[in-house]
Amino acid sequence: MTHTRRTFLTGAALALGAAVTAGGAAAVAQQAAGADKPVLKFKNGKFRILQMTDLHTAYNNPHEVAQAEMTVQKMREMLAKEKPDLAVVTGDMITSGVELLDGGLEAAWENITRPFDQTNTPFVVTFGNHDHERDATMAEQLAMIARAKMNLTYSADPTHPGAGTCCLPILASDGGEAMRLWFFDSHSSPVIEGMGGYDWIRNEQIQWYRAESAKAEQRAGHPVPGLAFFHIPVPEYWVVHQTDAATGSAGETPGSPELNSGLFTSMIERGDILGIFVGHDHVNDYAALYKGIALVYGRKTGFGAYGDLERGGRVIELTEGKTGFDTHVSTPLREELYWSYWK
Ligand SMILES: [Fe+2]
1 MTHTRRTFLT GAALALGAAV TAGGAAAVAQ QAAGADKPVL KFKNGKFRIL
51 QMTDLHTAYN NPHEVAQAEM TVQKMREMLA KEKPDLAVVT GDMITSGVEL
101 LDGGLEAAWE NITRPFDQTN TPFVVTFGNH DHERDATMAE QLAMIARAKM
151 NLTYSADPTH PGAGTCCLPI LASDGGEAMR LWFFDSHSSP VIEGMGGYDW
201 IRNEQIQWYR AESAKAEQRA GHPVPGLAFF HIPVPEYWVV HQTDAATGSA
251 GETPGSPELN SGLFTSMIER GDILGIFVGH DHVNDYAALY KGIALVYGRK
301 TGFGAYGDLE RGGRVIELTE GKTGFDTHVS TPLREELYWS YWK
């Protein structure tokens with residue numbers, strides 16, 4: 001077990017102390033999550049996120065149906081073990097064969113969202129490239145997911161490409177806005193012919209992030225620290241992969257877009273993102289630091305995903321009043337790859 005603590009002097013800009021007014025932040029939270037939805041809030045000074053990823057549920061034959069059941073069972077085991085305040089599934093949730101399943105695509109999404117509803121665990125999903133292969137639009141799929149009572153995923157701007165690009169605040173115990181969680185649809189193949197590789201997080205989404213980040217800073221009087229979740233790693237992962245700054249398994253070259261749309265650069269310019277958490281590359285589960293932002297892979301959860309890593313998830317633990325996070329990989333039987341990033 002290794003435990004790396006990195007300490008940086010950054011001045012007071014990211015300090016958590018000066019939260020926005022309680023009423024203002026609560027209004028933001030309610031607007032984001034919906035009036036009847038749970039509000040994310042530090043409890044006893046802690047907030048625990050469980051990232052699961054690459055479920056790859058498929059229904060083409062009895063073997064895949066059995067694998068999908070094993071995957072949902074793994075999700076249940078992880079939820080029971082970690083009891084997170086929020087679960088995030090970072091993409092590739094449904095792979096194929098939904099038309100062969102009783103109830104079709106809706107039933108496939110129900111299979112995935114049911115464990116969250118049954119354990120009263122608020123959850124967000126970010127769509128992966130395989131989720132874009134269904135016949136339904138991303139907005140239609142998000143509407144199916146939104147039937148789950150614990151779902152917090154929404155589209156902040158329905159005109160954005162894809163669906164589910166959104167932000168949720170985590171409130172401090174006094175009701176102020178302590179942190180922000182950002183979620184992006186990272187799409188599938190480029191819509192522009194001849195580009196090859198994977199699509200990129202689009203300019204509209206980046207401009208939205210920049211505007212909302214600036215608004216949050218204005219309310220708080222300082223950049224509000226945040227974490228970002230999406231499926232396909234940004235190209236900056238190539239750098240940490242090549243420099244071997246990684247903690248954990250680095251079994252394959254990051255399947256990033258060939259073109260860099262500048263999300264990471266915008267995060268540097270805005271100065272509020274502490275870490276990015278992705279899926280997509282099933283045999284990578286490392287965490288590394290690049291120019292002050294943690295680049296982290298989740299541990300794959302689905303049995304339909306390639307690779308031999310033990311199925312599980314990644315735990316991210318936040319501490320109220322501190323800027324950073326502790327994280328480790330968790331499976332039903334073990335915890336490993338402890339890593340921390342505190343400013
Ligand atoms: Fe995948």
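Per this note's numbering, residue 1 is the first one in the sequence shown, and the count goes up by one each step.
Just so you know, even glycine gets a beta-carbon here, dropped at the ideal spot from N, CA and C.
Nothing here was measured: the structure is a model prediction, and the numbers come from that model.
6 angstroms Cβ shell around residue i - same chain, five flanking residues per side excluded
{"i": "GLU236", "result": "PHE264 and TYR290"}
{"i": "ASP102", "result": "none"}
{"i": "THR21", "result": "In this predicted model, THR21 has a pLDDT of only 43, less than 50, meaning its place in the structure is not dependable enough to derive any value."}
{"i": "GLU310", "result": "THR331"}
{"i": "ALA68", "result": "THR57"}
{"i": "ILE112", "result": "MET93"}
{"i": "SER213", "result": "ARG270 and ASP272"}
{"i": "GLU335", "result": "HIS328"}
Minimum Cβ-Cβ distance from residue i to chain D less than 7 angstroms
{"i": "ASN203", "result": "Although the question refers to chain D, the structure presented lacks it and comprises just one protein chain."}
Exposure of residue i, with buried meaning 16 or more beta-carbon neighbours within 10 Å
{"i": "PRO233", "result": "buried"}
{"i": "PRO84", "result": "buried"}
{"i": "VAL191", "result": "exposed"}
{"i": "GLY23", "result": "Only weak support exists for where GLY23 lies, its pLDDT of 43 falling under 50; the value from the coordinates is given anyway. It is exposed - the Cβ of GLY23 has fewer than 16 other Cβ atoms within 10 Å."}
{"i": "THR90", "result": "buried"}
{"i": "TYR306", "result": "exposed"}
{"i": "ASN61", "result": "exposed"}
{"i": "ALA25", "result": "With a pLDDT of 48 at ALA25, under the threshold of 50, the predicted position of this residue should be treated as unreliable, though the coordinate-derived value follows. So ALA25 counts as buried."}
{"i": "GLN51", "result": "buried"}
{"i": "TRP43", "result": "For clarity, residue 43 is Lys in the given sequence; the question names Trp instead. Under this definition LYS43 is an exposed residue."}
{"i": "GLN118", "result": "exposed"}
{"i": "GLU258", "result": "exposed"}
{"i": "ASN151", "result": "buried"}
{"i": "GLN218", "result": "exposed"}
{"i": "ALA29", "result": "For ALA29, the predicted model reports a pLDDT of 49, less than 50, meaning its position is unreliable; a value from the coordinates is still stated below. Answer is buried; the Cβ neighbour count reaches 16."}
Same chain, Cβ closer than 7 angstroms to residue i, five either side skipped, listed in chain order
{"i": "ASN203", "result": "SER261"}
{"i": "THR7", "result": "Caution applies to THR7, whose pLDDT of 28 falls short of 50 and renders its modelled position unreliable; the value that the coordinates give is listed next. Same-chain partners within the cutoff: TRP342."}
Anticipated Cβ contact below 8 angstroms, residue i with residue j, distance rounded
{"i": "ALA139", "j": "PRO161", "result": "That belief does not hold up - the Cβ atoms of ALA139 and PRO161 are roughly 11 angstroms apart, past 8 angstroms."}
{"i": "PHE184", "j": "ALA146", "result": "Between ALA146 and PHE184 the Cβ distance is about 18 angstroms, and since that is not below 8 angstroms, they are no contact."}
{"i": "LEU142", "j": "GLY128", "result": "That pair is no contact at about 14 angstroms."}
{"i": "ALA294", "j": "ILE276", "result": "7 angstroms"}
Per DSSP, the bridge partner or partners of residue i
{"i": "ILE192", "result": "Paired residue(s): none; ILE192 is not in a bridge."}
{"i": "PHE229", "result": "PHE183 and PHE277"}
{"i": "HIS328", "result": "VAL315"}
{"i": "GLN141", "result": "BP columns for GLN141 are empty, so no partner."}
{"i": "SER155", "result": "Partner(s): none; SER155 has no beta bridge."}
{"i": "GLU177", "result": "LEU171"}
{"i": "ALA58", "result": "SER96"}
{"i": "ALA250", "result": "ASN284"}
Proximal residues to residue i (C-beta, below 8 angstroms), its chain only, five neighbours per side dropped
{"i": "ALA136", "result": "LEU105 and MET144"}
{"i": "TRP238", "result": "THR253, PRO254 and SER256"}
{"i": "ARG114", "result": "VAL72 and ALA148"}
{"i": "VAL98", "result": "TYR59, GLY104, LEU105, ALA107, ALA108 and ARG134"}
Residue i, enclosing alpha helix (DSSP H) - first and last residue
{"i": "ILE206", "result": "203 to 220"}
{"i": "GLY104", "result": "104 to 118"}
{"i": "LYS81", "result": "62 to 82"}
{"i": "SER266", "result": "263 to 270"}
N-terminal and C-terminal residue of the beta strand (DSSP E) that residue i is part of
{"i": "TYR297", "result": "293 to 297"}
{"i": "VAL239", "result": "Note, VAL239: premise wrong, no beta strand (DSSP E); alpha helix (DSSP H) at 236 to 242."}
{"i": "THR126", "result": "Where THR126 is concerned, there is no enclosing beta strand (DSSP E), given that its DSSP letter is neither H nor E."}
{"i": "SER340", "result": "334 to 342"}
{"i": "SER96", "result": "94 to 96"}
{"i": "PRO169", "result": "166 to 171"}
{"i": "ALA287", "result": "287 to 290"}
{"i": "PHE47", "result": "46 to 52"}
{"i": "LEU86", "result": "86 to 89"}
Please output, in chain order, the residues near ligand 3 using a CB cut-off of less than 5 angstroms to any non-hydrogen atom of the ligand.
In terms of ligand content, the structure shown lacks ligand 3 and carries ligand 1 instead.
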